[in-house]
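K.L.:
Before I ask anything, here is the structure I am working with.
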């Protein structure tokens with residue numbers, strides 16, 4: 001029997017910004033499955049993660065609108081009949097944000113105002129679920145991190161994502177545009193960008209292992225993270241979008257246990273039967289914004305919605321490796337395929 | 001004998017953004033007195049608080065450069081030889097920020113990146129002191145509010161000021177551009193804009209009292225605030241600018257005690273011997289972003305620098321009333337002087 005929060009989406013008009021990206025496209029699969037009327041909005045900016053292959057097999061059951069969320073008049077139009085908006089568009093590289101803070105500001109901060117103003121004036125009855133990030137906490141003072149931990153980001157990306165999140169809560173509280181934020185930890189799974197290494201190390205590690213190359217771990221690899229499979233994250237978005245108890249709140253959404261980089265790579269190499277590991281010194285630009293160990297306590301969200309991270313890490317990694325092995329050429333440009341596999 | 005932190009400024013090249021505004025111009029007076037080489041940068045945007053009369057009497061002892069802090073190339077040039085930068089430029093109206101969030105974003109958030117990037121590439125050895133605000137805390141969970149209270153702003157202005165503050169800490173921590181932030185509570189004193197009511201109620205109350213008009217208090221006037229005289233705030237900026245112990249930190253800077261709106265107006269009317277009070281219902285737009293009672297604990301800053309709020313409220317109000325009585329025509333446009341005085 002289909003769960004109630006999934007039945008909620010039958011015939012429901014939803015929109016996903018960043019819908020051709022990693023999390024957006026996996027969420028789209030579940031929404032299509034639930035019978036929703038799905039509109040994906042994506043700018044397809046090169047290197048940002050949008051990929052038409054991500055909707056392979058479901059492309060005829062949804063609509064794609066190529067647009068930039070920074071474009072006010074376009075957003076005014078697109079939001080107007082949407083019941084739920086999953087707001088996932090963004091620039092996710094911490095390193096890029098330090099090199100070019102203005103672009104990060106435009107995409108992660110100003111664009112949220114564009115979407116929220118569009119809703120305020122054109123569809124105030126909609127519901128927004130924002131893709132927040134653990135990055136807003138910065139270097140944690142205590143572990144596991146709960147939502148009462150201070151927001152103290154250590155990079156420009158984290159600051160702009162924090163502002164974008166605050167805007168959502170504000171529009172919920174002041175203008176009655178219902179909104180909440182899921183602060184995602186380390187999400188992994190099929191359909192993540194692996195063309196370059198600037199969108200999270202886990203996808204990059206998977207690519208290196210598949211290509212039988214050495215994986216570099218900075219320092220001794222003892223720092224901890226929690227990892228959450230993308231299907232579990234998509235499920236979290238569905239639950240938050242269907243629950244008015246979530247309005248005006250922020251929630252951690254992370255994996256069930258903390259594991260070290262060293263252990264993660266061990267599990268990964270065991271699955272791939274390829275690749276190797278190499279311990280190297282921290283590059284200075286990455287060390288400057290590193291946050292040490294981090295893992296989140298997601299019990300607030302579990303309590304509010306009944307969600308849990310259902311997919312064990314080894315299973316999730318196995319599915320991910322399998323996916324990329326089958327579709328590597330859809331995620332790595334031809335120009336990059338000259339290296340030995 | 002001059003205090004050490006004041007001697008620090010003798011011959012020191014300093015810059016004040018928003019230098020023709022309320023706090024900036026009062027700070028400029030103390031810096032000129034301390035023998036600093038003072039450069040004021042101000043955009044003189046109408047209605048934002050910049051006023052050339054604010055430097056009456058010291059204009060020949062400093063330099064004024066009319067410029068907008070959003071202009072990157074201009075800022076690149078202006079910061080290059082400044083030892084200390086007091087970064088006070090901003091849009092301060094909470095209500096305006098809700099009507100036009102984009103302008104507030106540009107002025108309070110993006111402009112901070114402009115200044116910090118200018119320093120990063122052209123003068124990384126400078127020291128910045130940012131004018132933060134109690135508004136970043138939003139509606140307080142407990143009183144008095146310390147710096148460990150969650151940042152949870154209730155209006156767009158507060159969000160953008162929070163982001164601007166985070167940028168300063170980030171540039172301190174990552175790029176070594178020394179910076180700290182003073183989270184100011186309710187500052188009052190001479191040279192504040194009183195042409196309209198959107199820059200803080202206290203200056204507006206003073207104007208109404210002087211003009212012998214009724215002062216409207218929303219609700220029953222029981223909500224508490226702490227008030228700090230502008231000379232004490234200027235002193236706080238001097239201390240922070242001279243202290244490397246402040247780098248990378250945020251500090252509350254507020255008045256010594258919490259008093260109600262009702263009591264404040266009572267004291268004010270006693271001083272002016274004019275004006276009256278009127279209790280009215282909250283306007284909905286103001287109620288929506290109201291934060292209830294607020295007063296700050298400034299002991300972290302006191303401990304770090306030895307600062308204290310030296311001017312008692314009644315004395316500060318008396319000086320302020322006296323100032324505006326003498327110079328009212330410099331702060332209220334001719335078009336507004338047609339009403340009975």
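Residue numbers (the working numbering), protein chains in the order written: chain A, 1 to 341; chain B, 1 to 341. Glycine is no exception: its CB is placed at the ideal position from the N, C-alpha and C atoms. Remember, it's a predicted structure, so these values are computed and weren't measured experimentally.
Identify the continuous beta strand (DSSP E) that holds residue 133 (chain B) and give its terminal residues.
P.N.:
In the second chain, residue 133 (chain B) corresponds to position 133, counting from 1. Run containing residue 133 (chain B): 127 to 133, per the beta strand (DSSP E) assignment.
K.L.:
Alpha carbon to alpha carbon, how far is residue 56 (chain B) from residue 207 (chain B)? Give it in angstroms, no decimals.
P.N.:
If you number the second chain from 1, residue 207 (chain B) lands on position 207. If you number the second chain from 1, residue 56 (chain B) lands on position 56. Going from the Cα of residue 207 (chain B) to the Cα of residue 56 (chain B) covers about 20 Å.
K.L.:
From the beta carbon of residue 180 (chain A), is the nearest beta carbon of chain B less than 9 Å away?
P.N.:
Within the first chain, the letter at position 180 stands for residue 180 (chain A). Closer than 9 Å: no.
K.L.:
Classify residue 45 (chain A): buried if its beta carbon has 16 or more other beta carbons within 10 angstroms, exposed otherwise.
P.N.:
Counted from its first residue, the first chain places residue 45 (chain A) at position 45. With fewer than 16 Cβ atoms within 10 Å of its Cβ, residue 45 (chain A) is classed as exposed.
K.L.:
When you compare only the Cα positions, how much space is there between residue 239 (chain A) and residue 134 (chain A)?
P.N.:
Here residue 239 (chain A) refers to the residue found at position 239 of the first chain. Here residue 134 (chain A) refers to the residue found at position 134 of the first chain. When rounded, the distance between both Cα atoms is 19 Å.
K.L.:
Just to make sure I have the definition right: I need the residues of chain B whose C-beta is within less than 8 Å of the C-beta of residue 246 (chain A). Which are they?
P.N.:
The residue labelled residue 246 (chain A) in the question sits at position 246 within the first chain. Ordered by position in chain B, no residue passes the 8 Å Cβ test against residue 246 (chain A), which lies about 17 Å from the chain.
K.L.:
Please list, in chain order, the chain B residues whose beta carbon lies closer than 8 Å to that of residue 170 (chain A).
P.N.:
One-based indexing of the first chain puts residue 170 (chain A) at position 170. Correct list: 153, 154, 155, 156, 159.
K.L.:
For residue 339 (chain A), decide whether its Cβ has a neighbour in chain B, counting only Cβ atoms nearer than 9 Å.
P.N.:
The count along the first chain starts at 1 and reaches residue 339 (chain A) at position 339. Its pLDDT being 44, under 50, residue 339 (chain A) is placed unreliably in this model, and the value from its coordinates should be taken loosely. No, residue 339 (chain A) does not count as interfacial toward chain B.
K.L.:
Along the region 12 to 24 of chain A, what residues have a CB closer than 8 Å to any CB found in chain B?
P.N.:
Going along the region 12 to 24 of chain A in chain order, one finds no residue with a Cβ nearer than 8 Å to chain B.
K.L.:
Starting from residue 32 (chain A), trace the beta strand (DSSP E) both ways and give me its first and last residue.
P.N.:
Counting from 1 along the first chain, the entry for residue 32 (chain A) is found at position 32. Not the beta strand (DSSP E): residue 32 (chain A) falls in the alpha helix (DSSP H), residues 22 to 33.
K.L.:
Quick check on DSSP: helix, strand or coil for residue 341 (chain A)?
P.N.:
For the purposes of this step, residue 341 (chain A) is identified with residue 341 of the first chain, where counting begins at 1. Confidence is the limiting factor: at residue 341 (chain A) the pLDDT is only 39, short of 50, which leaves the residue's position unreliable, though a coordinate-based value still follows. Coil at residue 341 (chain A), not helix or strand.
K.L.:
Given a threshold of 16 other Cβ atoms within 10 Å of its Cβ, counted over all protein chains shown, does residue 279 (chain A) qualify as buried or as exposed?
P.N.:
As a first step, residue 279 (chain A) must be located in the first chain, where it is residue number 279. Burial call: exposed.
K.L.:
Exposed or buried, what is residue 307 (chain A) when buried is set at 16 or more other beta-carbons lying within 10 Å of its beta-carbon?
P.N.:
Here residue 307 (chain A) refers to the residue found at position 307 of the first chain. Result: buried.
K.L.:
Just list the residues that DSSP pairs residue 183 (chain A) with in beta bridges.
P.N.:
Against the first chain, residue 183 (chain A) aligns to sequence position 183. DSSP lists A:132, A:252 as partners of residue 183 (chain A).
K.L.:
Hey, which unbroken runs of the alpha helix (DSSP H) at 4 residues or more fall wholly within the region 236 to 320 of chain A?
P.N.:
261 to 272, 284 to 287, 299 to 305, all fully within the region 236 to 320 of chain A.
K.L.:
Mapping DSSP to helix, strand and coil, what is residue 225 (chain B)?
P.N.:
The count along the second chain starts at 1 and reaches residue 225 (chain B) at position 225. In this structure, residue 225 (chain B) counts as strand in the three-state DSSP scheme.
K.L.:
Whether or not the region 222 to 242 of chain A and the region 185 to 200 of chain A are in contact is what I'm after, with contact meaning three or more pairs of Cβ atoms, one per stretch, closer than 8 Å; do they touch?
P.N.:
Touching, yes, given that three or more Cβ pairs across the two stretches are closer than 8 Å.
K.L.:
In terms of residue numbering, what span does the alpha helix (DSSP H) encompassing residue 159 (chain A) cover?
P.N.:
Numbered from 1 along the first chain, position 159 holds the residue referred to as residue 159 (chain A). Here the alpha helix (DSSP H) through residue 159 (chain A) covers 156 to 175.
K.L.:
I need the boundaries of the beta strand (DSSP E) containing residue 101 (chain B), first residue and last residue.
P.N.:
The count along the second chain starts at 1 and reaches residue 101 (chain B) at position 101. First-last for residue 101 (chain B): 101 to 104, but that is the alpha helix (DSSP H), not the beta strand (DSSP E).
K.L.:
Can you give the Cα-Cα distance for residue 342 (chain B) and residue 139 (chain B), rounded to whole angstroms?
P.N.:
Chain B is shown only over 1 to 341; residue 342 (chain B) falls outside these bounds and no answer can be derived.
K.L.:
Which of the three DSSP states is assigned to residue 139 (chain B) in this structure?
P.N.:
By 1-based counting over the second chain, the position of residue 139 (chain B) is 139. The answer is coil: DSSP assigns residue 139 (chain B) none of H, G, I, E or B.
K.L.:
Within the 9 Å Cβ cut-off, does residue 288 (chain A) reach chain B?
P.N.:
One-based indexing of the first chain puts residue 288 (chain A) at position 288. Closer than 9 Å: yes.
K.L.:
Quick check: is any heavy atom of the ligand MN less than 8 Å from the C-beta of residue 151 (chain B)?
P.N.:
With respect to the ligand MN, the structure offers nothing, as it holds no ligand at all.
K.L.:
Buried or exposed: where does residue 338 (chain A) fall if 16 or more other Cβ atoms within 10 Å of its Cβ makes it buried?
P.N.:
Indexing the first chain from 1 puts residue 338 (chain A) at position 338. Any reading at residue 338 (chain A) must be qualified, since the residue scores a pLDDT of 38, below 50, and its modelled position is unreliable; the value itself is stated next. Looking at its Cβ environment, which holds fewer than 16 other Cβ atoms inside 10 Å, residue 338 (chain A) is exposed.
K.L.:
Cα separation between residue 28 (chain B) and residue 160 (chain B)?
P.N.:
As a position in the second chain, residue 28 (chain B) is number 28, starting the count at 1. As a position in the second chain, residue 160 (chain B) is number 160, starting the count at 1. Distance between the alpha carbons of residue 28 (chain B) and residue 160 (chain B) is about 25 Å.
K.L.:
Excluding the 5 residues flanking residue 70 (chain A) on each side, which residues of the same chain have their C-beta closer than 8 Å to its C-beta?
P.N.:
Residue mapping note: residue 70 (chain A) aligns to position 70 of the first chain, counting from 1. The answer, listed in chain order, is 106, 107, 110, 111, 114.
K.L.:
Below 7 Å on C-beta distance, what does residue 110 (chain A) contact in chain B?
P.N.:
Here residue 110 (chain A) corresponds to residue number 110 of the first chain, with the count starting at 1. By Cβ distance, chain B contributes 105.
K.L.:
Leaving out five residues on either side along the sequence, give the residues of the same chain with a beta carbon under 6 Å from the beta carbon of residue 163 (chain A).
P.N.:
Walking along the first chain from the start, residue 163 (chain A) turns up at place 163. Counting only Cβ-Cβ distances below 6 Å, and skipping sequence neighbours, we find 109.
K.L.:
At 9 Å on the CB atoms, spell out the chain A contacts of residue 163 (chain B), in chain order.
P.N.:
On the second chain, position 163 is the one that residue 163 (chain B) refers to. The contacting residues are 105, 109, 159, 160, 162, 163, 166.
K.L.:
Nearest CA to the CA of residue 136 (chain B): which residue from B:120, B:156, B:129?
P.N.:
Counting from one through the second chain, the residue named residue 136 (chain B) turns up at place 136. That would be B:156, whose Cα lies nearest to the Cα of residue 136 (chain B).
K.L.:
Given that residue 113 (chain B) touches chain A, what residues does it touch there, using C-beta distances under 9 Å?
P.N.:
Along the second chain, one-based indexing puts residue 113 (chain B) at 113. What residue 113 (chain B) touches in chain A: 101, 102, 105, 156.
K.L.:
Establish whether the CB of residue 33 (chain B) and some CB of chain A are separated by less than 9 Å.
P.N.:
Locating residue 33 (chain B) in the second chain gives position 33, where the first residue counts as 1. No, because no Cβ of chain A sits closer than 9 Å to the Cβ of residue 33 (chain B).
K.L.:
Got a sec: is the Cβ-Cβ distance from residue 98 (chain B) to anything in chain A below 9 Å?
P.N.:
Residue mapping note: residue 98 (chain B) aligns to position 98 of the second chain, counting from 1. Output row for residue 98 (chain B): interface = yes.
K.L.:
Taking C-beta pairs closer than 8 Å, name the residues in chain B that residue 280 (chain A) reaches, listed in chain order.
P.N.:
As a working note, residue 280 (chain A) is residue 280 in the first chain. By Cβ distance, chain B contributes nothing, its closest Cβ being about 21 Å from residue 280 (chain A), past 8 Å.
K.L.:
Do residue 151 (chain B) and residue 150 (chain A) have their C-beta atoms closer together than 9 Å?
P.N.:
Taking the first residue of the second chain as 1, we reach residue 151 (chain B) at position 151. Taking the first residue of the first chain as 1, we reach residue 150 (chain A) at position 150. Yes. Within cutoff.
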